[in-house]
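Protein chains: 2
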Amino acid sequence: MPVSCKNCPLRKCDYFIPMTEAELAFMISFKTGEMVVEPGTTLLLEGSNSPQLFTVLSGMGVRYKTLEDGGRQVINFLLPGDLTGMQSAIMGEMKHSVEATTNMVLCVFNRADIWNMFKAHPDRAYDLTWIAAVEEHFLGETIATLGQRDASQRIAWAYLRLHRRLRAVGLGDAHHVPLPFRQQDLADALGLSLVHTNKTIARLRDMGLAAWVDGKLSIPDRAKLAALAGVEPEPLDRRPLM
Amino acid sequence: MPVSCKNCPLRKCDYFIPMTEAELAFMISFKTGEMVVEPGTTLLLEGSNSPQLFTVLSGMGVRYKTLEDGGRQVINFLLPGDLTGMQSAIMGEMKHSVEATTNMVLCVFNRADIWNMFKAHPDRAYDLTWIAAVEEHFLGETIATLGQRDASQRIAWAYLRLHRRLRAVGLGDAHHVPLPFRQQDLADALGLSLVHTNKTIARLRDMGLAAWVDGKLSIPDRAKLAALAGVEPEPLDRRPLM
DNA sequence: CGTAGGCTTGAATATGGTCAATGGTTGTGG
DNA sequence: CCACAACCATTGACCATATTCAAGCCTACG
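From first to last, the protein sequence lines stand for chains A and B.
For the first sequence, counting from 1, position 52 maps to 41 in my numbering; every step adds exactly one.
For the second sequence, counting from 1, position 9 maps to -2 in my numbering; every step adds exactly one.
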């Protein structure tokens, strides 16, 4: 049985800006159902025109593009609280694919209801745009990382980003977070080969900066890792939940 | 004297989805003025909270991030018809800087009027989100390019993208478009060193695939260049103009 | 138990980076 | 009008980071 938005566990996270009663009421009507998928399921396919959007309730996945020459680029990781399918909803076509890595539970919304949201619930429409702006920000950071940082820095940056984001939705504890991806996924996200990714992961582990073992990531000292990555300890801005 | 949106030359471009009369009327009131800047002017500064957004009427610029270690990553190029400043408007802080490369003329909007737009003009709010989705799409393409393509492919990809986009707003002719950036700008956009960028540009020129000389880019045969870049001749989707 | 998927490791290679220097053009001041 | 500085494009030599190729290993699972 689906969880009502009223009892949505994500709403309890400080990471998300609280909803008003009116917003909550709207979300309950906006949510048309729940979808449960297994690892490997393709949620959205590049080039398709899905009638639905999803918010991740639990589980993780990847968004990726397949290149003409067969390569795969992971655009980013899909984590609890993330909304996906906006491109299809607004532009009429997905520009990347989305696949489940673990078992996932997703809230399902209808694309057809979006326009009604803009007319009748401008506050939620505003939040939708806010989410898009946050996404744009993250993609810009990714571009800067792929363009300017070497392998150790890229991996350190990804670790920090994922760790913080997962903690923000209450996963893991102070030092360990679940990270159920393959090394190949991280390699494809960072534009590195699997071999080099593997060796760099090992180096970070040997240096005691970060260990990603058995699907769990531990970072003993964020500051040290951040120093290696060359990133400021940027705070994680709160954002709306949709 | 500022041009009225009524006579805005950009509106004539097929690239942009036509406005309704109501939308046009709103835009005329939404636009608070025009700004003219010289090359080198910083329009928006990373970390700042600008009260304004801009649409480029003419001229070009770059959006970039400065890294802790001094590097610069150009996120993308700012071309006529582009809207910038949304991050600041929605999230309250710019996550990158924006600088004019040439002389520019910009339409100025007030951040404070955005919320009113969501309440009173849902069609325009929807278009704003649409623009954000298009931006997200382009950034995703950039990530795929930085992550998966080698130097020649990156430059070929950037050439094709800029060429098509500039043609879409009526600049240049079938084979030549103005491209007033420095090689360093392109290098910073593609995550390559200046030296390697220079040599790769020369190689493409020697192969007769694309010549960027004296601030003008010419592509004799888009199909050939696209083959080298490893990209499909993806059509340029129309989008709203704000 | 045998196969498949993912992780690990070593060796050879290459793509691209760094360093260094030259030349062309423009703008400025003597 | 010339000298000089600043900026950008260009080129060569050398070096390093990361890729590719090729095995071996471990665990889960049928």
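Just so it is clear, CB atoms sit at the ideal spot from N, CA and C, and this is done for glycine as well.
Being a predicted model, the structure only gives us computed values, none of them experimental.
Practice task
Check the DSSP bridge columns for Gln41 of chain A and list the partner residues they point to.
Solution key: Taking the first residue of the first sequence as position 1, residue 41 of chain A is located at position 52. Its beta-bridge partners are A:Asn99.
Exercise for the section: Determine which residues of the segment 62 to 84 of chain B have a Cβ less than 7 Å from any Cβ of chain A, and write them out in chain order. Expected result: Gln62, Ile64, Met75, Gln76, Ile79, Met80, Lys84
Handout entry: Whole-number beta carbon distance between Val87 of chain A and Leu67 of chain A, since they are thought to touch under 8 Å
Key = Along the first sequence, read from residue 1 onward, the residue named residue 67 of chain A stands at position 78. Along the first sequence, read from residue 1 onward, the residue named residue 87 of chain A stands at position 98. Their Cβ separation, rounded to whole angstroms, is 6 Å, which keeps Leu67 of chain A and Val87 of chain A in contact under 8 Å.
Handout entry: For Tyr4 of chain B, three-class secondary structure by DSSP
Key = On the second sequence, position 15 is the one that residue 4 of chain B refers to. In the structure shown, Tyr4 of chain B sits in coil (DSSP, three-state: anything other than H, G, I, E or B).
Practice task
Tell me, please, which residues DSSP counts as bridged to Trp201 of chain B.
Solution key: Numbered from its first residue, the second sequence carries residue 201 of chain B at position 212. Note: Trp201 of chain B sits in a beta bridge opposite B:Leu206.
Problem - Residue(s) in a DSSP beta bridge with Gly50 of chain A - result: Start at 1 with the first residue of the first sequence, and residue 50 of chain A comes out as number 61. Answer is A:Leu67, A:Ala89, bridged to Gly50 of chain A.
Problem - Element boundaries [alpha helix (DSSP H), containing Gly136 of chain B] - result: Taking the first residue of the second sequence as 1, we reach residue 136 of chain B at position 147. Looking at the DSSP string, the run of the alpha helix (DSSP H) that includes Gly136 of chain B is 111 to 137.
Handout entry: Inter-residue spacing [alpha-carbon to alpha-carbon] between Ile120 of chain A and Leu42 of chain A
Key = In the first sequence, residue 120 of chain A corresponds to position 131, counting from 1. In the first sequence, residue 42 of chain A corresponds to position 53, counting from 1. Straight-line Cα distance between these residues: approximately 13 Å.
Exercise for the section: Kindly indicate the opening and closing residues of the alpha helix (DSSP H) around Glu221 of chain A. Expected result: Along the first sequence, one-based indexing puts residue 221 of chain A at 232. Per DSSP, Glu221 of chain A belongs to no alpha helix (DSSP H) and is neither H nor E.
Practice task
Reducing DSSP to helix, strand and coil, say where Val184 of chain A ends up.
Solution key: As a working mapping, residue 184 of chain A is identified with position 195 in the first sequence. The answer is helix: DSSP assigns Val184 of chain A an H, G or I state.
Exercise for the section: Spell out whether any CB of chain A is found under 7 Å from the CB atom of His164 of chain B. Expected result: Numbered from 1 along the second sequence, position 175 holds the residue referred to as residue 164 of chain B. It does not; no Cβ of chain A falls within 7 Å.
Practice task
Determine the burial state of Leu193 of chain B: buried for a count of at least 16 other Cβ atoms within 10 Å of its Cβ, exposed for fewer.
Solution key: Translated into the one-based positions of the second sequence, residue 193 of chain B becomes position 204. Buried is the call here.
Problem - Bridge partners - Gly22 of chain B, DSSP secondary structure assignment - result: Position 33 of the second sequence, counted from the first residue, corresponds to residue 22 of chain B. Paired residues: B:Val97.
Problem - Contact set between His126 of chain A and chain B, taken where Cβ atoms lie within less than 8 Å - result: Within the first sequence, the letter at position 137 stands for residue 126 of chain A. Chain B residues near His126 of chain A: Gln76, Met80, Lys84.
Exercise for the section: Using a Cβ-Cβ cut-off of 7 Å, state whether Thr118 of chain A counts as contacting chain B. Expected result: Taking the first sequence and counting its residues from 1, one reaches residue 118 of chain A at position 129. At least one chain B Cβ lies under 7 Å of Thr118 of chain A.
Practice task
Quick one: list the residues of chain A neighbouring Thr131 of chain B, beta-carbon separation under 7 Å, in chain order.
Solution key: For the purposes of this step, residue 131 of chain B is taken as the residue at position 142 of the second sequence. In chain order: Ile132.
Exercise for the section: Note down, in chain order, every chain B residue with its Cβ under 7 Å from the Cβ of Gly180 of chain A. Expected result: Stepping through the first sequence from its first residue, residue 180 of chain A is reached at position 191. Under the 7 Å cutoff, chain B gives Leu135, Gly136, Gln137.
Exercise for the section: Enumerate in chain order the residues of its own chain whose CB-to-CB distance from Pro169 of chain A is below 7 Å, with the five nearest sequence positions on each side excluded. Expected result: Start at 1 with the first residue of the first sequence, and residue 169 of chain A comes out as number 180. Same-chain partners within the cutoff: Met49, Thr90, Thr91, Gly204.
Practice task
Please confirm whether Val158 of chain B and Gly74 of chain B have their CB atoms less than 7 Å apart.
Solution key: As a first step, residue 158 of chain B must be located in the second sequence, where it is residue number 169. As a first step, residue 74 of chain B must be located in the second sequence, where it is residue number 85. Result no, Cβ atoms of Val158 of chain B and Gly74 of chain B do not sit closer than 7 Å.
Exercise for the section: For Phe5 of chain A, collect the residues of the same chain with a Cβ closer than 6 Å to its Cβ; drop the 5 residues on either side in sequence, then sort them by chain order. Expected result: Locating residue 5 of chain A in the first sequence gives position 16, where the first residue counts as 1. Hits under 6 Å: Leu230.
Handout entry: CB contact flag (Ala216 of chain A, Ile79 of chain B, <7 Å)
Key = Mapped onto the first sequence, residue 216 of chain A falls at position 227. Mapped onto the second sequence, residue 79 of chain B falls at position 90. Taking 7 Å as the Cβ cut-off, Ala216 of chain A and Ile79 of chain B do not qualify as a contacting pair.
Handout entry: As assigned by DSSP and simplified to three states, the class of Pro(-2) of chain B
Key = Here residue -2 of chain B is taken as the residue at index 9 of the second sequence, counted from 1. Helix.
Handout entry: Tyr148 of chain A at chain B interface by Cβ criterion, 7 Å
Key = Here residue 148 of chain A refers to the residue found at position 159 when the first sequence is read from its first residue. Chain B contact via Cβ: absent.
Problem - Selected residue, minimal CA-CA separation from Phe15 of chain B, among B:Lys1, B:Lys108, B:Glu57, B:Glu27 - result: If you number the second sequence from 1, residue 15 of chain B lands on position 26. The shortest Cα separation from Phe15 of chain B among B:Lys1, B:Lys108, B:Glu57, B:Glu27 belongs to B:Lys108.
Handout entry: C-beta contact flag for Met24 of chain A and Leu135 of chain A at 7 Å
Key = Sequence index remark: in the first sequence, residue 24 of chain A carries index 35 (1-based). Sequence index remark: in the first sequence, residue 135 of chain A carries index 146 (1-based). No, the pair does not count as a contact, with Cβ atoms beyond the cut-off.
Handout entry: 6 Å Cβ shell around Gln76 of chain A - same chain, five flanking residues per side excluded
Key = As a working mapping, residue 76 of chain A is identified with position 87 in the first sequence. Excluding sequence neighbours, Gln76 of chain A sits near Met83, Lys84.
Practice task
Note down, in chain order, all residues in the segment 219 to 230 of chain A with a beta-carbon under 9 Å from any beta-carbon belonging to chain B.
Solution key: Gly219, Val220, Glu221, Asp226, Arg228
Handout entry: Collapsed DSSP secondary structure at Leu72 of chain A in the structure displayed
Key = Sequence index remark: in the first sequence, residue 72 of chain A carries index 83 (1-based). Leu72 of chain A falls in the strand class under three-state DSSP.
Handout entry: For His152 of chain A, the first and last residue of its enclosing alpha helix (DSSP H)
Key = In the first sequence, counting from the first residue as 1, residue 152 of chain A sits at position 163. Looking at the DSSP string, the run of the alpha helix (DSSP H) that includes His152 of chain A is 140 to 157.
Practice task
Using three-state DSSP, classify Leu33 of chain B as helix, strand or coil.
Solution key: Sequence index remark: in the second sequence, residue 33 of chain B carries index 44 (1-based). Three-state DSSP puts Leu33 of chain B in a strand.
Exercise for the section: Find the residues of chain B that neighbour Leu56 of chain A, judging by a C-beta separation of less than 7 Å, and give them in chain order. Expected result: Within the first sequence, the letter at position 67 stands for residue 56 of chain A. Within chain B, the residues near Leu56 of chain A are Ala133, Gln137, Gly219.
Practice task
Reducing DSSP to helix, strand and coil, say where Thr55 of chain A ends up.
Solution key: Along the first sequence, one-based indexing puts residue 55 of chain A at 66. Residue state, collapsed to three classes: strand.
Exercise for the section: Verify whether the separation of the beta carbon atoms of Ala114 of chain B and Ala145 of chain A is less than 7 Å. Expected result: By 1-based counting over the second sequence, the position of residue 114 of chain B is 125. By 1-based counting over the first sequence, the position of residue 145 of chain A is 156. Result no, Cβ atoms of Ala114 of chain B and Ala145 of chain A do not sit closer than 7 Å.
Problem - First and last residue of the uninterrupted alpha helix (DSSP H) at Asp162 of chain A - result: Taking the first residue of the first sequence as position 1, residue 162 of chain A is located at position 173. Looking at the DSSP string, Asp162 of chain A is not in any alpha helix (DSSP H), and its letter there is neither H nor E.
Handout entry: Contact under 7 Å by Cβ, Ala218 of chain A with Gln142 of chain A
Key = Taking the first sequence and counting its residues from 1, the one referred to as residue 218 of chain A is at position 229. Taking the first sequence and counting its residues from 1, the one referred to as residue 142 of chain A is at position 153. Cβ distance < 7 Å, so Ala218 of chain A and Gln142 of chain A count as in contact.
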